[in-house]
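Comments concern the structure below.
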Amino acid sequence: MPDTETYQFTSSLEISTNKLWGAHFAVPDLVSGILIDGEDRRVICTLNEKVEYQCAMLPRGDGSFLITVNKKIREQLKLQAGSTLRVSLKKDTSEYGLPMPEEMAEVLAQDDEGNKLFHALTPGKIRTLLYIAGNVKSSEKRISRSIAIVEHLKETKGKIDFKMLNIKLKESQV
370 MPDTETYQFT SSLEISTNKL WGAHFAVPDL VSGILIDGED RRVICTLNEK VEYQCAMLPR
430 GDGSFLITVN KKIREQLKLQ AGSTLRVSLK KDTSEYGLPM PEEMAEVLAQ DDEGNKLFHA
490 LTPGKIRTLL YIAGNVKSSE KRISRSIAIV EHLKETKGKI DFKMLNIKLK ESQV
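Right under this line is the structure:
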């Protein structure tokens, strides 16, 4: 299967009884069967030909899979429970499963110890830190968050303590 192969289908938005997921849609078994490679369930999802985001297909518990849709995307597309979705999925072949903010890449390039500790983390923890670093509009804030994350990793010898990290992130906001 070529890396660029795209699979399209329609689904409807469901509100989850699980508070962790919020809203989601079902992925047809045929599509999930093609795109899942062992434990790798990362995909690039496009909804209604307007919003593209990197995500993972999550197991529903009955052998089927779903993809969550966060509040920001639901509001952007004016979605509600039962809304029909035009979905395009393709395999996510990116290194991290989320974009590496330029500011984080630069901080890591300048700090060998921080870079080694960052890349020793599990893929999920790396994605979480990339999300934290990149989830602000201002480049200045991305820089301060990136520095705070790398300092935290060095202080904790590569172990993430999210409570401590949140304190460090708040302190870095000037």
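Under the numbering used here, the first residue of the sequence shown is numbered 370, with each subsequent residue one higher. All residues carry an ideal CB built from backbone N, CA and C; glycine is no exception.
message: Run through the DSSP bridge pairs and tell me what arginine 411 is partnered with.
response: Along the sequence shown, one-based indexing puts residue 411 at 42. Answer is Ala425.
Nearest-angstrom Cα separation, counted from lysine 485 out to leucine 446: To locate residue 446, count along the sequence shown from 1; it is residue 77. To locate residue 485, count along the sequence shown from 1; it is residue 116. Between leucine 446 and lysine 485, the C-alpha separation is close to 39 angstroms.
- prompt: Grouping DSSP H, G and I as helix and E and B as strand, with all else coil, what is lysine 460?
  reply: Here residue 460 refers to the residue found at position 91 when the sequence shown is read from its first residue. Three-state result, lysine 460: strand.
- prompt: With respect to the alpha helix (DSSP H) encompassing serine 381, which residues constitute its N-terminal and C-terminal limits?
  reply: If you number the sequence shown from 1, residue 381 lands on position 12. From DSSP, serine 381 is part of no alpha helix (DSSP H) but of the beta strand (DSSP E) over 375-381.
message: Can you tell me whether leucine 458 is buried or exposed? The criterion is at least 16 other CB atoms within 10 Å of its CB, across all chains shown.
response: Taking the sequence shown and counting its residues from 1, the one referred to as residue 458 is at position 89. By the neighbour-count rule (16 or more Cβ atoms within 10 Å), leucine 458 is buried.
field: leucine 534 in three-state terms, based on DSSP
entry: Your numbering for residue 534 matches position 165 in the sequence shown. The answer is helix: DSSP assigns leucine 534 an H, G or I state.
task: Please name the residue, chosen from Ile518, Lys506, Glu421, that lies closest to glutamate 540 on a Cα-to-Cα basis.
output: As a working mapping, residue 540 is identified with position 171 in the sequence shown. Minimum Cα distance to glutamate 540 is reached at Ile518.
task: Check each candidate in Leu435, Ala450, Glu421 and name the one with the smallest Cα separation from proline 468.
output: The residue you call residue 468 lines up with position 99 of the sequence shown. Per the Cα distances, Glu421.
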